[in-house]
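Below: the structure, in structure tokens.
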Amino acid sequence: MTKILVIDDNNDLRDSVREILTTLGFEIITAVNGKEGLELIKQNTPDLILCDVAMPTMSGYELLETLQKEDEIDYIPFIFLTGNSDRRDMRRGMELGADDYLFKPFTIDSLVKAINTRLEKTARLKKQSVEKLAELRQNISFALPHEINTPLNGINSSAQLLKDYHDSLTREELREIADLILDSTQRLTHLMQNFLLYAELELISKDDHKIEQIRNSDRSKCNIKNILSSIAQTISSNYNRQSDLFLDVENVFVKIAENNLEKICHEIIDNAFKYSQFENPVTITSQRQKNNFLKVSIHNKGKGMTKEEIERVGAYMQFQRRKYEQQGSGLGFAIAQKMLEIYGGSISINSIYDQETQVDLILPMV
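If you read the sequence shown in full-length UniProt numbering, its first letter stands for residue 1, the second for the next number, and so on.
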């Protein structure tokens with residue numbers, strides 16, 4: 001039975017709504033103010049909340065603000081009941097995440113219609129999430145056996161060498177085998193982390209409410225120059241190619257969480273060095289775009305890609321178990337793409353086969 005929480009300090013209205021909705025087959029629980037309602041929400045987890053705006057102890061706005069901070073209950077459909085038709089108040093409620101408004105006095109038909117509309121929308125979103133999760137599970141179960149072969153083979157072959165020849169191996173040979181095992185385990189760890197991250201991003205990308213929360217978060221702001229400089233210098237040093245790095249990026253803030261921007265930049269810049277040769281430059285530049293966006297371009301002289309390879313880059317190709325020589329780069333690109341889309345940005349590849357590749361990141365500025 002669908003459970004609805006009615007929060008209102010008007011006893012007559014609260015009892016009337018409870019009687020009507022109970023007759024229609026809903027399970028109804030009630031509260032006289034936001035504070036009492038919050039306790040009931042935590043105890044009962046209703047399917048929908050009908051809440052008055054102006055109440056003593058805790059107002060409807062204060063309750064909704066509190067719920068938005070609770071990850072486990074912020075998804076509950078929330079409808080305000082108000083006697084104030086001022087559009088400024090209505091806008092405030094919508095900005096806080098309210099799903100709808102009902103202005104007092106309201107009819108039974110308008111009440112039932114508002115409830116059914118929100119419940120149907122929630123049911124559709126849950127169904128889509130379940131289907132998407134099932135698809136991800138299937139895709140990952142197909143992809144993992146193929147993608148983990150390379151690092152697992154490295155570990156297995158090294159272990160076999162140690163087992164068969166441990167008495168005759170020199171210190172140098174033992175060190176080489178240990179390095180191979182370490183490299184393989186690090187690759188395997190990175191691969192598993194990327195698969196889990198991509199699955200999480202896929203689910204977030206289907207949740208408009210979650211996307212709005214992420215974009216409006218205080219943490220979604222960082223200095224692009226500082227992050228790019230730090231990551232690019234670290235990666236170029238790892239490849240012993242500090243002299244190949246050319247960096248010219250504006251000192252501006254972009255609307256994206258620091259840890260997410262670090263992940264995006266690391267995946268793209270690492271590929272730029274990995275698939276280009278020593279003494280071939282990797283250039284990172286920025287340029288302001290219209291509508292307060294910043295374009296960051298990562299350019300390298302290297303293998304390049306055909307149009308077909310560009311189209312195949314992404315997690316879908318990995319999930320289809322097609323062999324691509326740049327193992328793992330497709331998933332890293334797909335992660336960067338999903339992250340940027342969640343923040344309202346984008347990513348694109350332009351390449352000339354056997355010559356050069358340029359990846360453009362479009363980032364919203366503060």
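For each residue, glycine too, the CB sits at the ideal point set by N, CA and C.
Bear in mind the structure is a predicted one, so any value in this text is a computation, not a measurement.
Q: Using alpha carbons as the reference points, say which of Val249, Glu309 and Gly304 lies closest to Thr283.
A: Translated into positions along the sequence shown, residue 283 becomes position 283. Checked all of Val249, Glu309 and Gly304; the closest Cα to Thr283 is Val249.
Q | Span of the alpha helix (DSSP H), counted from its first residue to its last, around Val17 | A | Within the sequence shown, numbered from 1, the residue matching residue 17 stands at position 17. First-last of the alpha helix (DSSP H) with Val17: Asn11 to Thr23.
Q: Give the range of the beta strand (DSSP E) segment to which Leu361 is assigned.
A: Reading the sequence shown from its first residue, position 361 is the one you call residue 361. Unbroken beta strand (DSSP E) run through Leu361: Glu356 to Pro364.
Q | Every unbroken alpha helix (DSSP H) within the segment 217 to 244, with a cutoff of 4 residues, ordered by chain | A | 224 to 238
Q. Thinking just about the alpha-carbon of each residue, which of Ile256, Ala334 and Leu245 is nearest to the one in residue 369?
A. Missing from the structure shown is residue 369; the chain here goes from 1 to 366 and no further.
Q: Return the CA-CA distance between Lys126 and Ser110, expressed in angstroms with no decimal places.
A: Taking the sequence shown and counting its residues from 1, the one referred to as residue 126 is at position 126. Taking the sequence shown and counting its residues from 1, the one referred to as residue 110 is at position 110. C-alpha separation (whole angstroms): 24 Å.
**Q.** Pairwise C-alpha distance: Thr122 and Gln337
**A.** For this step, residue 337 is matched to residue 337 along the sequence shown. For this step, residue 122 is matched to residue 122 along the sequence shown. Distance between the alpha carbons of Gln337 and Thr122: 27 Å.
Q) Count the other CB atoms within 10 Å of the CB of Asn271; is the residue buried (16 or more) or exposed (fewer)? A) Counting from 1 along the sequence shown, the entry for residue 271 is found at position 271. It is buried - the Cβ of Asn271 has at least 16 other Cβ atoms within 10 Å.
Q) By DSSP, does Gln277 sit in helix, in strand, or in coil? A) Locating residue 277 in the sequence shown gives position 277, counting from the first residue. Gln277 falls in the coil class under three-state DSSP.
Q) With distances taken from CA atoms, which of Arg219, Asn44, Ser351 and Phe78 is nearest Met305? A) Stepping through the sequence shown from its first residue, residue 305 is reached at position 305. Selected option, being the one with the closest Cα: Ser351.
Q) For the putative contact between Glu262 and Phe333, defined by C-beta atoms under 8 Å, what is the C-beta separation to the nearest angstrom? A) For this step, residue 262 is matched to residue 262 along the sequence shown. For this step, residue 333 is matched to residue 333 along the sequence shown. Actually they are not in contact, since the Cβ atoms of Glu262 and Phe333 sit about 16 Å apart, beyond 8 Å.
Q: Might you give, ordered along the chain, the residues of its own chain that have their beta carbon closer than 7 Å to the beta carbon of Cys265, omitting 5 neighbours on each side?
A: Stepping through the sequence shown from its first residue, residue 265 is reached at position 265. Cβ neighbours of Cys265 beyond the five flanking positions: Ile227, Leu228 and Ile231.
Q: Could you check how far apart the C-beta atoms of Asn292 and Pro364 are, in whole angstroms? I think they sit under 8 Å.
A: Counted from its first residue, the sequence shown places residue 292 at position 292. Counted from its first residue, the sequence shown places residue 364 at position 364. Sure, about 7 Å apart at Cβ, within 8 Å.
Q.
If I follow the unbroken beta strand (DSSP E) through Ser346, where does it start and stop?
A. Within the sequence shown, residue 346 is the residue found at index 346, counting from 1. Note, Ser346: beta strand (DSSP E), Ser346 to Ile352.
**Q.** Presumed contact (8 Å Cβ cut-off) between Ile7 and Asp52, rounded CB distance
**A.** Indexing the sequence shown from 1 puts residue 7 at position 7. Indexing the sequence shown from 1 puts residue 52 at position 52. Contact holds; Cβ gap of about 6 Å.
**Q.** Unbroken beta strand (DSSP E) run spanning Phe78, endpoints
**A.** Position 78 of the sequence shown holds residue 78. Segment Phe78 to Thr82, the beta strand (DSSP E) holding Phe78.
Q. Under the DSSP definition of a beta bridge, which residues are partnered with Arg288?
A. Taking the first residue of the sequence shown as position 1, residue 288 is located at position 288. The partner list for Arg288 (beta bridge, DSSP) reads Leu294.
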